[in-house]
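Enquirer: Positions -15 to 124 (my numbering) are the ones given, in order, by the sequence shown.
Beta carbons: idealized from backbone N, C-alpha and C, even for Gly.
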Amino acid sequence: PYCSDMGRMHAPGKGISQSALPYRRSVPTYLKLSAGDVKDHIFKLAKKGLTPSQIGVILRDSHGVAQVRHITGNKILRILKAQGLAPEIPEDLYHLIKKAVAIRKHMERNRKDRDSKYRLILIESRIHRLARYYKIKRSL
C-alpha cells in the first residue's frame, strides 16, 4: 500500500509510477542458465568494474535474466559481498557525491550561478542524510 501524502525530498512530485515484478517467483522456462552460470556472469562483470545495477541491466538485456534473486536466491549486491567484490561505498551515495563534484566544478567556472549553488546545498544535504543512514546500518 502506498501512502499518498509522502512526496519527494527536494521536489514537488508525488509520483507513484514504478516497475512491476512478475507475480510468479519461479525461474522462467525460456531461461537455460543455471544459478552458477549467473553468478559467474556477475563476477566477470564486477571484475570489469561495473556497479550492481549495471550488472542487472546487462543480465536482463543480454542474457534474459529478469530477476537474479529468483534464480540464485540472493540479490546481486549480496552475491558480490560474499565474494568481497562489492563496491566500498554504496552506489546511491557514490552517484550523489559524483553529482555534487560535477556541480562544484561548474560553480568554479560560473560563480554567479545561484540556482546551482542552491541545488548543490540540496544534494549535499541528501549526501549527509544517506551517510548518516549508512553509518547507523554499519556499512560505512
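1) By how many angstroms is the C-alpha of D99 removed from the C-alpha of L34?
2) Report yes or no: do three or more beta-carbon pairs, one from the region 71 to 88 and one from the region 112 to 121, lie closer than 8 Å?
3) Which term fits K89, buried or exposed, when burial requires 16 or more other beta carbons within 10 angstroms of its beta carbon?
4) Using a Cβ-Cβ cut-off of 7 Å (strictly less than) and excluding sequence neighbours within five positions of G20, which residues of its own chain qualify?
5) With H, G and I counted as helix, E and B as strand and the rest as coil, what does DSSP make of L34?
6) When burial is assigned at 16 or more other CB atoms within 10 Å of the CB, is L29 buried or exposed?
7) Could you tell me if K23 is buried or exposed, where buried requires 16 or more neighbouring beta carbons within 10 angstroms of its beta carbon?
8) P6: buried (16+ other C-beta within 10 angstroms of its C-beta) or exposed?
9) Would you tell me roughly how many angstroms separate the C-alpha atoms of Y102 and H(-6), rounded to the nearest one?
10) At 4 residues or longer, what runs of the alpha helix (DSSP H) sit wholly inside the region 86 to 122?
11) Considering only the alpha carbon of each residue, which of Y118, L64 and V49 lies closest to K31?
12) Could you check if I120 is buried or exposed, using at least 16 other CB atoms within 10 Å of its CB as the buried criterion?
13) Cutting at 6 Å between CB atoms, please list the residues of its own chain near L106, excluding the five before and the five after it.
Expert: Looking at the coordinates:
1) 32 Å
2) yes
3) exposed
4) none
5) coil
6) buried
7) buried
8) exposed
9) 11 Å
10) 98 to 120
11) L64
12) exposed
13) H(-6)
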